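**Student:** Below are the structure tokens for one structure; questions will follow.
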Amino acid sequence: MDKCEHTGGRVSPSKTSLCGEHEIQTEAQSQEQQQRPNPPGLSGVSVASDRSKNQPVHFKKDGETKVQNQHSPKISSSQSTNIKETGLRDDLDSVFMLLEENIVSFVKSELKKFQRILSPDYSEAEIKQEEDEEVNSEEKQQKRSNREALLKIILHFLRMKREDLAKILQSRTSSGRCQIKLKSNLQKKFQRVFEGVAKGKPTFLNQIYTELHVTEGETAEVNSEHEVRQIETASRKPDRPETTIRHEDLFKPVPGREESIRTVMTKGVAGIGKTVLTQKFTLDWAEDKANQDIQFTFPLTFRELNVLKETKFSLVELVHHFFTETKEAGICRFEEFQVVFILDGLDECRLPLDFHNNQILTDVTESTSVDVLLTNLIRGNLLPSARLWITTRPAAANQIPPECVDMVTEVRGFTDPQKEEYFRKRFRDEEQARRIISHIKTSRSLHIMCHIPVFCWITATVLEDVLKTREGGELPKTLTEMYIHFLVVQSKLKNIKYDRGAETDPQWSPESRTMIESLGKLAFEQLQKGNLIFYESDLTECGIDIRAASVYSGVFTQIFKEERGLYQDKVFCFVHLSVQEFLAALHVHLTFINSGINLLEPQTSTSLVKMFKKHYLKRLHQSAVDKALQSPNGHLDLFLRFLLGLSLQTSQSPLQYVVTEIGNGSNATKKTVKYIKKKINKDLCPERSLNLLYCLNEIKNYSLVEEIQRYLQAGRLTKKNLSLAQWSALVFLLLSSDTNLEVFDLKNFSSSEEALLRLLPVVKACSTAILRDCNLSERSCEALASVLSCQSSSLKELDLSHNDLHDSGVKLLSDGLRSSQCKLKALRLSGCQVTEEGCAHLASALSSNPSHLRELDLSYNHPGDSGVKLLSEKESNWKLDILKMDHCGEQRLKPGVRKYACELTLDQHTAHRKVELSDNNRTASAVREGLYHDSPNRFDCCQILCENPLTDCSYWEVQWEGNVLVAVTYKGIRKRGNSKNCWFGRNHQSWSLQCSNAGYSVWYDNREVDLRFSVSHRVAVYVDHPGGTLSFYKVSSKGDLTLLHTFHCTFSEPLYPSFAFGYNSSVSLCEL
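Those letters in the sequence shown? Residues 1 to 1072, per full-length UniProt numbering, in order.
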């Protein structure tokens, strides 16, 4: 190919003029110039005359100037300075006069040419001949460069008045012709897609394209979790406003962000639609629908780039090689155009991409390895004006240094409405579409997987066939059943299309069995290595000939794909990772059933296995469970689900022509269930327990989940001591149900640290976590910090109020706040025994990560003046919209609820006529004689209110004698009469604790609950008005508190402490 010289950077004046059009003349040239007066050191002619053509400005050498000055008379330094300044001004005037003349000449010449291009008798051959007459490639490139620059300006002004002429002009220039041809070829390439085989016919992309849910991500940090886990996590994210991005707006400025976007990284799990997204972006550009400010779009895949590993290219040569239109147009200066490079499939890259050690390259014409080209292109050393779009699976995102990425986006796949839209587009029959959508919603695992567009297609393929062939029959409910039927459908298609059989013929011919066995072996061996794409060497290792692989990909196109890169090198892959995992599990299952070999552990005697096959099937499952639990990132999770699901008799029936010997595995399945439950009862991490519960779903054992459902329905969960397995089942139930996880309140389950630690996956999935007054310690803070630091966390609001966390707990929590992954907007630490030390930890965390937190509640703590100053500093780099630091002081450092002690005063105006007050209205006693005049505010029954309305957290203690009610009530409780609407606890406006020598009982809405506790004549009350809790305690002689009862309510009005008296009874408010 023609090699283009690099012409960027500074240009030597010995080669070109200021406008780069003409050769330099010598002093001997054109003696006529000497007749014109010239400034010192400058020789030139007017470009208005013919003599000026090809004769640009010539700068004399320094030596020549010095020789002329050797015999000059001596002058003073001040005179010298004046002369130099005058000479410099004259030089600049002359230079810019000539520059203007040269530019005007060049523009006039080019304008005439552009006018000829627009004329009706335009001849492309004539213009091309003029371009070819340039003397050398350097002059040709320089002229083209200048012409393209001028063309941009002309098109800009022309579009203001005549858009039609602008389009014609652009289409008739060399770059315009190249762009039109490139767009045409890209349209042909991307306007149709193969959604599986679709009976051999491609589908128009614009016809089936469903807009994907693309959001602005946080960082390009790696997420190495199994992608099914990531999909399950994404499915649990509550529907809330997010920064969604349309594919056509990918490079457009983001509101609030000043810097331009050069490089975008888009993450998404396999099959989520990243490649289709890039194809849609390219197609819209090629069809003039979007991004017309871009002159050239160059879509590349790492699969294609992999095969060039040993080949050297310059960046220009690489573009010419993939996009021959640019070579034919002779375009070598891509910095003059707005260019987008799409690099699809970073996770499939087999190039080193050594950003730290690769040489720095800035010359687009210098040849090197593709690896070096890519690292320099991504870093911006090569073609810094270009835009880049890189797509990848999350596990490979960290191959690109974060500083090289301007924006990270994430493809979330289909939202729930988009899933329905897909199936309605796929099935024109509304009733059929409705039934399929309804069925998917009944199976949570299927509904979750339908976040992935490829799985939607698999599901549609299977259900379409099942509905057609099994009218009224049961539809597949588990993932295993879905993939088995998918395999059956593909075998049917092979029989009909390639073997010319009928739909009623047995689908498993010997050839089909051989193909499935070979593909299963490839899937299993490559899954163990972590390979998702395969080259000839990978196939050879598995004993598959490249020609056989091509046959498989031609027959089982919807399972195994063949693609071609440069030079027709063949690349193979399964249509989706889940298909590879299913075939790998099928290979392990069939190998055991047919030959007795357990591929998951050291070989056991085959004859023994065949003799005791049922026993060893249990062993196969147990070894698979153990291996999956040992996998560091859950990479065998889905494989395990498929392997266990294949053991069911209902799963084996469709495979009867593949499995040569079917055994009744029901007994082995029961033992597997027992083994899994035993594992769940161990202290596993939540993700592993969840996957084991999904495994129980695959073998249709729902006992654990049903047990928890019964507890929830009966409202007995808070009173049960759950086993580890039951906690795991509760997490599974909450995460896999349709329950809205927007708000999670720990008190609905159990107000304990153990409950929180067991339910952390639920906390991670919710938007708001209410953990108020749950007896949490710094141990919980450490666990919650890990949630805040987690990439998949959805937590935006965290309420930890009224837990004695101390400064040590706040320090641990601050580690999570520092994380760049933290999305928390509101943190409530009211009454957590925080001092100025804790405030310093919070200030440090906010300074490290100032972008997220907007509300901080530190009321009922003891921050001191320094703590207040630290967090309310106006010059800080964070911005808190709400900072609460009221009700603070040293008394707030008391442990437990006593930190909320409040001063109360009895209200004489509400006292019954026979209630006597004393001790500055802090003691009340029932007496025989009436003491007060009648009043509308006075109770007709023997009761009294305090003056103090309570709207926050409050605590008080009471010494009692006789038979009393210690209560709280709304002010509007009925006071006249002696009915139940007046007595505390007999209505829905008041709550009371009845105290007598016989014991305690609590009352609400005329319902009594007896409490079995020994009697103390001192009791305490704690109200958390915002949290909706009212607790009664008995106080021992040593001051210890014993909880008697807690009411959980939503208080709609301020509460008033209140008391009721039997005969000869009294209460006294205690000093605290």
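We put the beta carbon where it would ideally sit given N, CA and C, even for glycine. The structure displayed is predicted, hence computed values, not measured ones.
Please name the residue in Pro476, Lys468, Leu577 and Gln490 whose C-alpha comes closest to that of Leu522.
**Tutor:** Within the sequence shown, residue 522 is the residue found at index 522, counting from 1. Nearest C-alpha to Leu522: Leu577.
**Student:** Per DSSP, what kind of secondary structure is Asp50 in: helix, strand or coil?
**Tutor:** Translated into positions along the sequence shown, residue 50 becomes position 50. Here the model assigns Asp50 a pLDDT of 41, short of 50, so the residue's position is not dependable and the matter cannot be decided.
**Student:** Considering just the uninterrupted stretch of the beta strand (DSSP E) at Gln770, what are its terminal residues?
**Tutor:** Sequence index remark: in the sequence shown, residue 770 carries index 770 (1-based). Per the sequence shown, residue 770 should be read as Ile rather than Gln. Taken as a continuous stretch (DSSP letters only), the beta strand (DSSP E) holding Ile770 covers Thr768 to Ile770.
**Student:** For Thr660, which residues of its own chain have a beta-carbon under 8 Å away from its beta-carbon, when the five flanking residues on both sides are left out?
**Tutor:** The count along the sequence shown starts at 1 and reaches residue 660 at position 660. Interpretation of Thr660 is limited by its pLDDT of 49, a score under 50 that renders its predicted location unreliable; the figure taken from the coordinates is listed afterwards. Excluding sequence neighbours, Thr660 sits near Ile593 and Asn594.
**Student:** Is it true that the stretch 839-857 meets the stretch 873-886, where meeting means three or more beta-carbon pairs spaced less than 8 Å apart?
**Tutor:** Because the criterion of three Cβ pairs below 8 Å is met, the stretch 839-857 and the stretch 873-886 touch.
**Student:** DSSP on Asp1040, reduced to helix/strand/coil?
**Tutor:** In the sequence shown, counting from the first residue as 1, residue 1040 sits at position 1040. Of the three classes helix, strand and coil, the one that applies to Asp1040 here is coil, per DSSP.
**Student:** Can you look up Gln943 in the DSSP assignment and give me helix, strand or coil?
**Tutor:** Residue mapping note: residue 943 aligns to position 943 of the sequence shown, counting from 1. Reduced to three states, the DSSP call for Gln943 is strand.
**Student:** Check whether the Cβ atoms of Thr244 and Thr392 lie closer than 9 Å to each other.
**Tutor:** As a working note, residue 244 is residue 244 in the sequence shown. As a working note, residue 392 is residue 392 in the sequence shown. Cβ atoms of Thr244 and Thr392: not closer than 9 Å.
**Student:** Since Val1035 and Trp956 are thought to touch, with beta carbons under 8 Å apart, how far apart are those beta carbons, to the nearest angstrom?
**Tutor:** Stepping through the sequence shown from its first residue, residue 1035 is reached at position 1035. Stepping through the sequence shown from its first residue, residue 956 is reached at position 956. Actually they are not in contact, since the Cβ atoms of Val1035 and Trp956 sit about 11 Å apart, beyond 8 Å.
**Student:** In this structure, how does DSSP classify Arg159 when only helix, strand and coil are distinguished?
**Tutor:** Against the sequence shown, residue 159 aligns to sequence position 159. Arg159 falls in the helix class under three-state DSSP.
**Student:** CB-CB under 7 Å to Ala584, same chain, minus the five flanking residues each way: which ones, in chain order?
**Tutor:** Your numbering for residue 584 matches position 584 in the sequence shown. Gly520, Ala523, Phe524, Leu527 and Phe639, listed in sequence order.
**Student:** Below 6 Å CB to CB, which residues in the same chain sit around Pro253 once its five sequence neighbours on both sides are set aside?
**Tutor:** Here residue 253 refers to the residue found at position 253 of the sequence shown. There are no such residues.
**Student:** Output the distance between the C-alpha atoms of Ser737 and Tyr702, rounded to the nearest integer angstrom.
**Tutor:** Taking the first residue of the sequence shown as 1, we reach residue 737 at position 737. Taking the first residue of the sequence shown as 1, we reach residue 702 at position 702. Between Ser737 and Tyr702, the C-alpha separation is close to 14 Å.
**Student:** Give, in chain order, every unbroken run of the beta strand (DSSP E) that is at least 3 residues long and sits entirely within the stretch 778-804.
**Tutor:** Counting whole runs of 3 or more residues, the stretch 778-804 contains the beta strand (DSSP E) stretches 797-799.
**Student:** In whole angstroms, what separates the C-alpha of Cys404 from that of Ile261?
**Tutor:** The count along the sequence shown starts at 1 and reaches residue 404 at position 404. The count along the sequence shown starts at 1 and reaches residue 261 at position 261. Using only the alpha carbons, I get a separation of about 11 Å.
**Student:** If you drop the 5 nearest sequence neighbours on each side, which residues of the same chain put their C-beta closer than 6 Å to that of Arg350?
**Tutor:** Within the sequence shown, the letter at position 350 stands for residue 350. Asn306, listed in sequence order.
**Student:** Considering only residues of the stretch 1048-1072, which uninterrupted beta strand (DSSP E) runs meet the minimum length of 3 residues and lie entirely inside it, listed in chain order?
**Tutor:** Within the stretch 1048-1072, the complete beta strand (DSSP E) runs of at least 3 residues are 1056-1061 and 1066-1069.
**Student:** Checking 9 Å against the spacing of the C-beta atoms, do Glu855 and Asp886 come in under that value?
**Tutor:** If you number the sequence shown from 1, residue 855 lands on position 855. If you number the sequence shown from 1, residue 886 lands on position 886. Their beta carbons are not under 9 Å apart, which means Glu855 does not touch Asp886 by this criterion.
**Student:** From this set, Ala826, Asp815 and Asp807, which residue's C-alpha is nearest Gln833's C-alpha?
**Tutor:** Against the sequence shown, residue 833 aligns to sequence position 833. It is Asp807 whose Cα lies nearest to the Cα of Gln833.
**Student:** Which of the three DSSP states, helix, strand or coil, is assigned to Cys953?
**Tutor:** Position 953 of the sequence shown, counted from the start, is the residue given in the question as residue 953. Three-state DSSP puts Cys953 in a strand.
**Student:** Within its chain, find whatever has a CB closer than 7 Å to the CB of Ala755; leave out the 5 residues flanking it on each side and keep chain order.
**Tutor:** Working through the sequence shown from its first residue, we reach residue 755 at position 755. Closer than 7 Å at Cβ, skipping near neighbours: Leu746 and Phe749.
**Student:** Residue range of the alpha helix (DSSP H) that Ile437 falls in?
**Tutor:** Your numbering for residue 437 matches position 437 in the sequence shown. Element bounds for Ile437: Glu430 to Thr442.
**Student:** Which whole-angstrom value describes the C-beta separation of Ser651 and Glu481, a residue pair presumed to lie in contact below a C-beta threshold of 8 Å?
**Tutor:** The residue you call residue 651 lines up with position 651 of the sequence shown. The residue you call residue 481 lines up with position 481 of the sequence shown. Going by Cβ atoms, the distance from Ser651 to Glu481 rounds to 7 Å, so yes, they are a contact pair.
**Student:** Could you tell me the boundaries of the beta strand (DSSP E) in which Trp878 lies?
**Tutor:** Counting from one through the sequence shown, the residue named residue 878 turns up at place 878. Element bounds for Trp878: n/a, residue is neither H nor E.
**Student:** Could you pull out every residue in the same chain whose Cβ sits closer than 6 Å to the Cβ of Lys477, ignoring the five residues on either side in sequence?
**Tutor:** Walking along the sequence shown from the start, residue 477 turns up at place 477. Within the same chain, Lys477 has close Cβ partners Ser443.
**Student:** Starting from Pro510, follow the alpha helix (DSSP H) in both directions and report where the run begins and ends.
**Tutor:** Position 510 of the sequence shown, counting from 1, holds the residue named residue 510. From DSSP, the alpha helix (DSSP H) with Pro510 extends over Pro510 to Lys529.
**Student:** Which value, in whole angstroms, describes the spacing of the CA atoms of Ser43 and Leu99?
**Tutor:** On the sequence shown, residue 43 is found 43 positions in, with the first residue counted as 1. On the sequence shown, residue 99 is found 99 positions in, with the first residue counted as 1. Residue placement at Ser43 is flagged as unreliable, the pLDDT there being 36, under the threshold of 50; the coordinate-derived value follows with that caveat. Approximately 13 Å between the Cα atoms of the pair.
**Student:** Counting only the same chain and skipping the five closest in sequence on each side, list residues whose C-beta sits under 7 Å from that of Asn937.
**Tutor:** Counting from one through the sequence shown, the residue named residue 937 turns up at place 937. Excluding sequence neighbours, Asn937 sits near His909, Thr910 and Lys975.
**Student:** With a threshold of 8 Å, establish whether the CB of Leu151 neighbours any heavy atom of the ligand GDP.
**Tutor:** As far as ligands go, the structure on display features none, and thus does not contain the ligand GDP.
**Student:** Go through the stretch 281-317 residue by residue and report every complete run of the alpha helix (DSSP H) that reaches 4 residues or more, in order.
**Tutor:** Runs found: 302-306.
**Student:** Give the range of the alpha helix (DSSP H) segment to which Phe423 is assigned.
**Tutor:** Locating residue 423 in the sequence shown gives position 423, counting from the first residue. Here the alpha helix (DSSP H) through Phe423 covers Asp416 to Arg426.
**Student:** Please go through the same chain and pick out, in chain order, the residues whose beta-carbon is closer than 8 Å to the beta-carbon of Ser935, but skip the five residues on each side of it.
**Tutor:** The residue you call residue 935 lines up with position 935 of the sequence shown. Correct list, in chain order: His909.
**Student:** Nearest CA to the CA of Phe1051: which residue from Phe1059, Leu858 and Lys971?
**Tutor:** Here residue 1051 is taken as the residue at index 1051 of the sequence shown, counted from 1. Taking only the C-alpha atoms, the option nearest Phe1051 is Lys971.
**Student:** Can you pull the DSSP bridge partners for Ile103?
**Tutor:** Indexing the sequence shown from 1 puts residue 103 at position 103. For Ile103, which the question treats as bridged, DSSP gives no partner whatsoever.
**Student:** Identify every residue that forms a DSSP beta bridge with Gln959.
**Tutor:** The residue you call residue 959 lines up with position 959 of the sequence shown. Partner(s): Arg1018 and Ser1068.
**Student:** Distance, Cα to Cα, Gly831 vs Lys899?
**Tutor:** Mapped onto the sequence shown, residue 831 falls at position 831. Mapped onto the sequence shown, residue 899 falls at position 899. Whole-angstrom Cα-Cα distance: 8 Å.
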